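Peer 1: Positions 1 to 580 (full-length UniProt numbering) are the ones given, in order, by the sequence shown.
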Amino acid sequence: MKLIQFSFKCSRQVPFYAQLCNDYLANEPYEITIGFVKNRYLIEAVGEQAQLEALAEKIAHDFLLSIWLVESKVEEIIHREGSVVPLVNTQHHLPFCQHCEPLLGDNQSPRFGELALPCVCCHGEQRLHQAISINQVKVWANDILTNGNVLFTLTTEQGKHQVFQLSTTPVLTSSQERPQILICNPNNVPSHFFTPSEHVLALSSLEKPRVTVQPRTQHRQLQAPLYDLCFSYNRVLTVLTEILRQQGVDFVFIDTNNWQPLITWIEKGWSQVDSDPELDLPVSIKALEPLHDQACINGLNAYWHKRRIHFDYKPNHPNDVPSHALPICALHGGNIESGNGRNTAVIYFGRYAAGEIVCQDKFTRTDSFLVLPSLPQTGHEIIRLMATGEQAAILAKFKESLPYSYQALSQINLADSHNQLSGLFAVAATILGLSTSSTNSIQYLNDALIAKALQNRGQKGHRVDYSLDMVDGKRTIEWAKTLGSLMSFCLVVDESELDKLAFGIMDSLADYIANWLERIDETTGLNAVVLAGSDFVNEVLTERLSLRVGKNFTITVNRQLELDGSNLSAGALYLKMRRR
1 MKLIQFSFKC SRQVPFYAQL CNDYLANEPY EITIGFVKNR YLIEAVGEQA QLEALAEKIA
61 HDFLLSIWLV ESKVEEIIHR EGSVVPLVNT QHHLPFCQHC EPLLGDNQSP RFGELALPCV
121 CCHGEQRLHQ AISINQVKVW ANDILTNGNV LFTLTTEQGK HQVFQLSTTP VLTSSQERPQ
181 ILICNPNNVP SHFFTPSEHV LALSSLEKPR VTVQPRTQHR QLQAPLYDLC FSYNRVLTVL
241 TEILRQQGVD FVFIDTNNWQ PLITWIEKGW SQVDSDPELD LPVSIKALEP LHDQACINGL
301 NAYWHKRRIH FDYKPNHPND VPSHALPICA LHGGNIESGN GRNTAVIYFG RYAAGEIVCQ
361 DKFTRTDSFL VLPSLPQTGH EIIRLMATGE QAAILAKFKE SLPYSYQALS QINLADSHNQ
421 LSGLFAVAAT ILGLSTSSTN SIQYLNDALI AKALQNRGQK GHRVDYSLDM VDGKRTIEWA
481 KTLGSLMSFC LVVDESELDK LAFGIMDSLA DYIANWLERI DETTGLNAVV LAGSDFVNEV
541 LTERLSLRVG KNFTITVNRQ LELDGSNLSA GALYLKMRRR
């Protein structure tokens, strides 16, 4: 007889794993104990070799891959860590699992399209929309095949309406600027997109998240620089995409008010960028007692209760923290899990505040080291200021040699991102000639720059200037000099080297940041650096920061929280600031 422990270490709670542990405790004939210890889900059992091998095979089948799974292990132990007490489980929202999905989602199954198919494992039928028949799904599929698009609405068990628009041609999305794609044939994804192995695994994980990838070069249907992909994530979409796959459709464009979470690859692991709290609230996390009982940012409210931070949705609640303090909130949110606190810094590049590097000394006093430059809000003003400054000569040469790029620069509008990294990178993309229309969004220009950088197969790029400047008593980047540096390169490099230049824009910034952090270390001491903000969906920049900054400092990402959402609300609980 052996005592065997099956463990699944996760970077955040996985409610489906907790349910499986409870199911094994209740239903297996072995001497089972379970637990959730140090972020590990445990199943422990005593038995003979053959019994344990059978149990191992069943567990391997049941525990679907999660994007939050860090390590799985099977080992013989002497003492149990678990108990016979069921785990307190946050309800999962899986509509199907490994037991029911092959039955209802495979066209070869006699139960194909049986959307109300009961499942003893995930109970996905309980999250079923209003009664939908296979014939109705076939009608929707036929609309796509004959008309090229379909629009339909599903109603959840809570009475919420989920609107889906599927099309064989790009959809003009209302809430998302980057094109979104629903995969119908997973086997053919590599023929349409460049998909790193970790992105492929994420797509097929039990969370069914969205990942951002680049299309194949000169693809006939895919003209955008980047796309967000996802696999089917409810029973209706599963059946619909299978019908389309049978008809030779590999993917369709999608617009919906029910987006799957967007994730990004940082420091050899996945992080969630943000979420819609109305659709899915973050799970509670353990934390030290904060300074405030409650803090609400952008409708997501964090509150302290029984040694945990919980979340609820308050859409009409005003922000409890001014925008200029959000990077400090991101610092505190990033440090909740690691417990670092002292001698840390945050790099916040996100959508809710100006990009900023904030450090915290050994006395937990915070200080802003650098704020991203506040660019003029229009291209005309950018040109006017450069023409009256030290960059006048290079601007004139740029106008003469690259009139198309100059004209595109004059038309750019940075009203909502003039003090964010996305605004600076949008201007950089325009100078590189990556703008295709005067209506290009900031998101498109950022994606174009990332896509061009991804085409650089080497690890070196041109050295772009990010010199420091003092404006209104704050350290910032001398933006005109940076743009002048880019214009100089564009005048001398061949078009075939634009990928190297795009890569250099991000690699140079990462190198400058690494040097700035060393200065912070010399003056106040620095042990760890937190990455936060939605702009870290840029995996090229993130990778370069990991390489440059990671040489000297520990890089911290609180994977239990989002990069630009729950981390701000949770971090605001620890903000040293009086409230009215």
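Note that beta-carbon positions come from the ideal geometry of N, C-alpha and C, so glycine has one too.
Note that the structure is a prediction, hence the values are computed from the model and not measured.
Please classify residue 35: does DSSP put it in a helix, a strand, or coil?
Peer 2: Residue 35: strand per DSSP, three-state reduction.
Peer 1: Which residues does DSSP list as the beta-bridge partners of residue 271?
Peer 2: DSSP lists 264 as partners of residue 271.
Peer 1: By the 10 Å Cβ neighbour count, where 16 or more other Cβ atoms means buried, how is residue 216 classified, buried or exposed?
Peer 2: Exposed: under 16 other Cβ atoms inside 10 Å.
Peer 1: Per DSSP, which residues does residue 301 bridge with? Please list them.
Peer 2: Residue 301 is bridged to 296, 312.
Peer 1: Would you mind reading off the limits of the beta strand (DSSP E) that contains residue 161?
Peer 2: Unbroken beta strand (DSSP E) run through residue 161: 161 to 167.
Peer 1: Please classify residue 452: is it buried, with 16 or more other beta-carbons within 10 angstroms of its beta-carbon, or exposed?
Peer 2: By the 10 Å Cβ count, residue 452 comes out buried.
Peer 1: Should the stretch 486 to 494 be called in touch with the stretch 387 to 405, which here means at least 3 C-beta pairs below 8 Å?
Peer 2: Counting Cβ pairs under 8 Å, three or more are found: they touch.
Peer 1: Residues bridged to residue 47 by DSSP?
Peer 2: Per DSSP, 2.
Peer 1: So, are the CB atoms of residue 450 and residue 466 less than 8 Å apart?
Peer 2: No. Outside cutoff.
Peer 1: Among 236, 81, 264, 578, whose alpha-carbon lies nearest the alpha-carbon of residue 163?
Peer 2: Ranking the options by Cα distance to residue 163, first place goes to 236.
Peer 1: Short check: CB of residue 254 to CB of residue 165, under 8 Å?
Peer 2: Taking 8 Å as the Cβ cut-off, residue 254 and residue 165 qualify as a contacting pair.
Peer 1: Based on DSSP bridge pairs, tell me the residues matched to residue 155.
Peer 2: In the DSSP output, where bridge partners are listed per residue, residue 155 has 161.
Peer 1: Would you check if the stretch 376 to 383 and the stretch 333 to 350 touch, i.e. whether three or more CB-CB distances between them fall below 8 Å?
Peer 2: Contact between the stretch 333 to 350 and the stretch 376 to 383 is absent, because fewer than three Cβ pairs lie under 8 Å.
Peer 1: Which term fits residue 483, buried or exposed, when burial requires 16 or more other beta carbons within 10 angstroms of its beta carbon?
Peer 2: Counting Cβ neighbours within 10 Å, residue 483 comes out buried, since at least 16 surround it.
Peer 1: From what residue to what residue does the alpha helix (DSSP H) around residue 470 run?
Peer 2: Taken as a continuous stretch (DSSP letters only), residue 470 belongs to no alpha helix (DSSP H), being part of the beta strand (DSSP E) at 468 to 471.
Peer 1: Contact check, residue 374 vs residue 418 under 8 Å by CB: the rounded distance?
Peer 2: With 8 Å as the limit, residue 374 and residue 418 qualify as a contact, their Cβ atoms being about 6 Å apart.
Peer 1: With DSSP run on the structure shown, which of helix, strand or coil describes residue 381?
Peer 2: In the structure shown, residue 381 sits in a helix (DSSP, three-state: H, G or I).
Peer 1: How about residue 448 and residue 170: do their beta carbons lie closer than 8 Å?
Peer 2: The answer is no: Cβ separation not under 8 Å.
Peer 1: Give the DSSP-derived three-state secondary structure of residue 360 in the structure shown.
Peer 2: Correct three-state label for residue 360: strand.
Peer 1: Check whether the stretch 255 to 266 and the stretch 117 to 124 touch, using three or more Cβ-Cβ pairs below 8 Å as the test.
Peer 2: No, they do not touch.
Peer 1: Can you name the residues that DSSP bridges to residue 401?
Peer 2: None; residue 401 has no bridge partner.
Peer 1: According to DSSP, simplified to helix, strand and coil, what is residue 182?
Peer 2: Residue state, collapsed to three classes: strand.
Peer 1: Can the beta-carbon of residue 371 be found less than 8 Å from the beta-carbon of residue 481?
Peer 2: In this structure, residue 481 does not lie closer than 8 Å to residue 371 by Cβ.
Peer 1: Pull up the DSSP beta-bridge partners for residue 591, would you.
Peer 2: In the structure displayed, the chain extends from 1 to 580; residue 591 sits before or after that span and is not available.
Peer 1: Tell me which residue opens and which closes the alpha helix (DSSP H) that residue 492 is part of.
Peer 2: Looking at the DSSP string, the run of the alpha helix (DSSP H) that includes residue 492 is 479 to 492.
Peer 1: Answer yes or no: do residue 517 and residue 526 have a C-beta to C-beta separation smaller than 8 Å?
Peer 2: Result yes, Cβ atoms of residue 517 and residue 526 sit closer than 8 Å.
Peer 1: Going by DSSP, what residue range makes up the alpha helix (DSSP H) through residue 425?
Peer 2: First-last of the alpha helix (DSSP H) with residue 425: 421 to 431.
Peer 1: Rounded C-beta distance between residue 70 and residue 9? I'm assuming under 8 Å.
Peer 2: At roughly 5 Å, the Cβ-Cβ gap stays under 8 Å, so residue 70 and residue 9 are in contact.
Peer 1: Quick check on this structure: which residue in 404, 570, 565 has the alpha carbon closest to the alpha carbon of residue 335?
Peer 2: Closest option to residue 335, Cα to Cα, is 570.
Peer 1: Going by DSSP in three states, residue 122 sits in which element: helix, strand or coil?
Peer 2: Note: residue 122 maps to coil in three-state DSSP.
Peer 1: Helix, strand or coil: how does DSSP classify residue 495 here?
Peer 2: Three-state result, residue 495: helix.
Peer 1: Are the stretch 562 to 578 and the stretch 317 to 327 touching by the rule of at least three beta carbon pairs closer than 8 Å?
Peer 2: Touching, yes, given that three or more Cβ pairs across the two stretches are closer than 8 Å.
Peer 1: According to DSSP, is residue 513 part of a helix, a strand, or is it coil?
Peer 2: Three-state result, residue 513: helix.
Peer 1: Pick out whichever of 272, 410, 524, 573 has its Cα sitting closest to the Cα of residue 538.
Peer 2: Closest by alpha carbon: 272.
Peer 1: From what residue to what residue does the beta strand (DSSP E) around residue 230 run?
Peer 2: Per DSSP, residue 230 belongs to the beta strand (DSSP E) from 227 to 230.
Peer 1: What is the rounded straight-line gap between the Cα of residue 446 and the Cα of residue 292?
Peer 2: Looking at the two C-alpha atoms, the distance is approximately 37 Å.
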